[in-house]
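First up is the structure itself, then whatever we jot down about it.
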Amino acid sequence: MGTALVIENDPTDDARRLGEWLTEAGLELSVVRPHAGDELPADLAGYAALVVLGGDQQAYPTTDGTPSAAWFPDVEALLRKAVRHRLPTLGICLGAQLLATAHAGAVERSPAGPEVGPAVVGRRDAAENDPLFRYVPLIPDVLQWHADEITELPVGATLLAASTRYPHQAFRLGDRAWGLQFHIECDTAMIADWATDSALLAELGYDRDLVVAACDAVMVDVEEVWQPFAVRFAALALGELDDDGPRRTLPLLGH
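Last residue of the sequence shown: 266 (this note's numbering), numbering continuous.
What follows is the structure, given as structure tokens:
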């Protein structure tokens, strides 16, 4: 059994359902909480995968030039090591943004405004050749909760999913690292916590109870898409995924 290093950047965004899916698929989780004073490892020796979760911080520096969280430079260093050594890596929301900034991508407050609640994204053609995304539906359900966006992907990154307002919804860097701008780990209780006294909901003028109910209504759909994705990620980390496995083919019109 392999172990995934899980970096929890915010106490309100733990691994939750994603953690359950990964452990059910055979991965052990070693959760490090730098927000609570846990020390990050210096390297990734002994780990089969790296998962970086979301949070209320920003991936870009504050106005005085300091990191939004003191441990972010160390997280970015681990992300660079993971990509360099081809360690299976998954970044969720803030984690995806840190994966981008760690490799000279750009993140900033989005002029499009916050994106909150249930949504869909569109899978790009490049996903057909991706070991994880090629089995994701063309328009999968996701959960959104962010105001920042990845405005520039790292050089060499492959865009895997997009939406009209936020074009960089999912990407792969190298052949083993994935960034998801959206959330797949949440359950309804987590969303309800986020929605309590939420500045994003206030900015948008959204009703808390309606947002929570709308997210709850798509939880089954999100699980239907992203649990298999998590299982494939775990299989890759455990050396059990055939990267050259069968791809879906669509019938030609008229045949």
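Glycine is no exception: its CB is placed at the ideal position from the N, C-alpha and C atoms.
Sorted by chain position, which residues of the same chain lie with C-beta nearer than 7 Å to ALA246's C-beta, five sequence neighbours on each side aside? ALA36 and LEU252
Enclosing alpha helix (DSSP H) for ILE161 [first to last residue]: That residue, ILE161, is in no alpha helix (DSSP H); its beta strand (DSSP E) goes 159-163.
For the alpha helix (DSSP H) that ALA225 lies in, which residues bound it at each end? 219-228
What is the rounded straight-line gap between the Cα of THR34 and the Cα of ASP49? 22 Å
Shorter than 8 Å from the beta carbon of ALA203 to some beta carbon of chain D? Absence of chain D from the displayed structure is noted, only one protein chain being present.
Please list the terminal residues of the continuous alpha helix (DSSP H) segment that includes GLY106. 105-112
On the CB-based measure, 16 or more other CB atoms within 10 Å of its CB, does ALA26 come out buried or exposed? buried
Excluding the 5 residues flanking LEU143 on each side, which residues of the same chain have their C-beta closer than 7 Å to its C-beta? TRP189, PHE240, ARG243 and PHE244
Where does the unbroken alpha helix (DSSP H) through GLY30 begin, and where does it stop? 27-35
Helix, strand or coil, according to DSSP, for ALA181 in the structure here? strand
Would you decide whether ILE195 is buried or exposed? Buried here means 16 or more other CB atoms lie within 10 Å of its CB. buried
Other residues of its chain near LEU89: CB distance less than 7 Å, five sequence neighbours each side excluded: LEU51, LEU55 and LEU61
Report the three-state DSSP secondary structure of ARG95 (helix, strand or coil). helix
Which same chain residues end up closer than 7 Å to GLY128 when comparing Cβ atoms and leaving out the 5 residues on each side of it in sequence? GLN155, VAL222, ALA225 and CYS226
Contacts around GLY250, its chain only, beta-carbon distance under 6 Å, and the 5 residues preceding and following it disregarded: none
Report the rounded CA-to-CA distance for TRP82 versus PRO45, giving the unit in angstroms. 7 Å
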